[in-house]
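Scroll down for the structure; my scribbles are underneath it.
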Amino acid sequence: MKAEHYVGGVFRSDGPAFPLIAPADGTELGEVPEATREVVDDAVTAARAALAGPWGRTSTEERAAALRRIADGVQARFEEFVDAEVADTGKPRELAATIDVPRAVGNFRAYADLLYGRPERAYTTQVPGWSGGSGQALNYSVRRPLGVVAVISPWNLPLLLLTWKVAPALAAGNAVVAKPSEETPSTATLLARVIAEAGLPDGVFNLVHGHGAGAAGEFLTAHPGVDAIAFTGESATGAAIMRNAADHVTPVSFELGGKNPALVFADADLDAAVEGTVRSSFTHSGQICLCTERVYVERPLYEEFVERLGARARALTGYGPMISAEHRDKVLSYYRLAREEGATVVAGGGTPEFGDARDGGYHVEPTVLTGLPETARTVREEIFGPVCHVAPFDTEDEALRLANDSDYGLAATVWTRDVSRAHRVAPRVEAGIVWVNCWNLRDLRTPFGGVKASGIGREGGEYSLDFFSEPVNVCIQI
Ligand code: NAD
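For the sequence shown, full-length UniProt numbering begins at 1 and goes up steadily by one.
So this is what it looks like as structure tokens:
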């Protein structure tokens, strides 16, 4: 798979190239062109021109049909997408085939469905006699697109998170310039092929590759021609983007990092809680923003929970690598730090040896830690690897205090069989998403996002359409 820019309907690969490394075994997969400031300029110009053309006058039905053609195009190339995602990320094929690619198709279908039958997304409100005795007025508001939208996405769920923003941005009638992570350019390039084949006008979707700070990502997010920025990635990167966005007062939608807690109450189904935590901590080797890194267990269950979670972590096989040597080294530095901070390593804590090609890759062991104080950096900072720290609690209030004692607030999981407790606890957790007796169960119409350092705004369903458009109120005096 050759990574290429897609600008104004043309595939090109200008700019200096950098190597793309397979994290599964450290081999070189190919080269990626680094978009220069000129390439980014061209993309923003092409997007602006597209808005002035037929795309700017499409009906919601036409846009819904375009989204369905894209969904069908991804589905038709399903295996190609899976191959490319597995090569770039090293993730198990099963994950790409059951989560990443189907969800990309689902993202386009979901927004096509939302548009259907709602021609202008308009509504009218009558406000009689409000204007100081000057008669009655009819007020109605219409939503219009923001214009040129920059989409910046990370490497962990490359196609899923890119399409999560591209689909609603297009649904709302915008033109898009997307920059995927420099670590995972391949499925984005394939998506550009699908969009070209789906017959969207040139410039409606543009793709540029390259790095973030001081490079393509920054050129794009600081560009005066960009009307909105939708970003998923680290909180520190969000802060950097926001500083650039401030110059042009560009609106942002941010999905950022997390340090997600799980609360396991003594009345929980222990089997379900252990298996759920294995999934929530170790899926995609912990490289999902929603993954659990802090587990709090009510004391009567604590010892058994730790023992069983540790045994399950030690027994895991077939897991994928960290995305890069650099990220592997970062995760391993936290494993070392945890020991220095006084942790007991219940499972893992190092690098596995497979005795095959994977030893050239960037794998780390699924790791379970205990015994750290809440002030430890290991408990406070996002590690983004297959690791969780487990600590006991005694009361519901204490559990909530521990869960909420974090700079982050993305997702949380509550394990209990007490329905009243579930309803009492869930809304008090400072997080954008709280799962009860499950994890990562997603309805694409629900609000998705984080509080505190985990994000700004919500995406999903109407929430995304609202971000990617703005209401214009029309007032007619009667
Ligand atoms: P990252 O912030 O390093 O990079 C994300 C993207 O931003 C990449 O495309 C990168 O090139 C670009 N970028 C980096 N610096 C930039 C700058 N100064 N200006 C403009 N663009 C810049 O994140 P990552 O390492 O790719 O992804 C992992 C992080 O993403 C974790 O913190 C994780 O929690 C978070 N994440 C959050 C969600 C969510 O929905 N909240 C989902 C997935 C990942």
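Positions of the beta carbon are idealized from the N, C-alpha and C atoms, including for glycine.
Would you call the CB atoms of residue i and residue j closer than 8 angstroms?
i: residue 293; j: residue 259; result: yes
i: residue 480; j: residue 463; result: Given a span of 1 to 478 for the chain in the structure shown, any question on residue 480 remains unanswerable.
i: residue 170; j: residue 29; result: no
i: residue 351; j: residue 365; result: yes
i: residue 107; j: residue 164; result: yes
i: residue 264; j: residue 301; result: yes
i: residue 432; j: residue 460; result: no
i: residue 7; j: residue 17; result: no
i: residue 349; j: residue 335; result: yes
i: residue 166; j: residue 35; result: no
i: residue 368; j: residue 310; result: yes
i: residue 386; j: residue 282; result: yes
i: residue 161; j: residue 81; result: no
i: residue 85; j: residue 159; result: yes
i: residue 454; j: residue 256; result: yes
i: residue 1; j: residue 186; result: yes
i: residue 198; j: residue 73; result: yes
i: residue 71; j: residue 101; result: no
i: residue 314; j: residue 274; result: no
i: residue 429; j: residue 403; result: yes
By a C-beta neighbour count over all protein chains shown, 10 Å radius and 16 as the cutoff for buried, is residue i buried or exposed?
i: residue 318; result: exposed
i: residue 287; result: buried
i: residue 220; result: buried
i: residue 417; result: exposed
i: residue 218; result: buried
i: residue 359; result: exposed
i: residue 474; result: exposed
i: residue 471; result: exposed
i: residue 467; result: buried
i: residue 353; result: exposed
i: residue 328; result: buried
Pick from the options: whose alpha carbon is nearest that of residue i?
i: residue 173; options: 192, 182, 142, 190; result: 142
i: residue 38; options: 467, 215, 380; result: 215
i: residue 149; options: 167, 270, 283, 226; result: 226
i: residue 248; options: 223, 270, 238; result: 223
i: residue 97; options: 79, 275, 385, 421; result: 79
i: residue 299; options: 381, 277, 274, 395; result: 395
i: residue 64; options: 330, 14, 465; result: 465
i: residue 47; options: 201, 72, 186, 154; result: 201
i: residue 370; options: 381, 384, 343; result: 343
i: residue 389; options: 401, 397, 374; result: 374
i: residue 176; options: 331, 189, 405, 204; result: 204
i: residue 26; options: 324, 447, 230; result: 324
i: residue 89; options: 11, 181, 449; result: 181
i: residue 362; options: 91, 56, 60; result: 91
i: residue 420; options: 267, 338, 271; result: 267
i: residue 23; options: 51, 103, 87; result: 87
i: residue 278; options: 413, 3, 100, 60; result: 413
i: residue 478; options: 404, 192, 138; result: 138
i: residue 271; options: 423, 415, 476; result: 415
i: residue 146; options: 188, 230, 103, 326; result: 230
i: residue 168; options: 456, 333, 445; result: 445
Which of the three DSSP states, helix, strand or coil, is assigned to residue i?
i: residue 263; result: strand
i: residue 181; result: coil
i: residue 174; result: coil
i: residue 217; result: helix
i: residue 477; result: strand
i: residue 166; result: helix
i: residue 330; result: helix
i: residue 461; result: helix
i: residue 448; result: strand
i: residue 244; result: helix
i: residue 186; result: helix
i: residue 470; result: strand
i: residue 377; result: helix
i: residue 270; result: helix
i: residue 105; result: helix
DSSP puts residue i in a beta bridge; with which residues?
i: residue 154; result: Residue 154 is not bridged to any residue.
i: residue 433; result: 411
i: residue 11; result: 6
i: residue 253; result: 230
i: residue 491; result: There is no way to answer for residue 491, as the model of the chain reaches only from 1 to 478.
i: residue 298; result: 393
i: residue 205; result: 176
i: residue 455; result: 255
i: residue 291; result: Residue 291 is not bridged to any residue.
i: residue 145; result: 469
i: residue 372; result: Partner(s): none; residue 372 has no beta bridge.
For residue i and chain C, any beta-carbon pair shorter than 8 angstroms?
i: residue 106; result: Included in the structure is just one protein chain, with no chain C present.
Taking 7 angstroms as the cut-off, is the beta-carbon of residue i closer than that to any non-hydrogen atom of the ligand SAH?
i: residue 289; result: Summarising the ligand content, the structure contains the ligand NAD and does not contain the ligand SAH.
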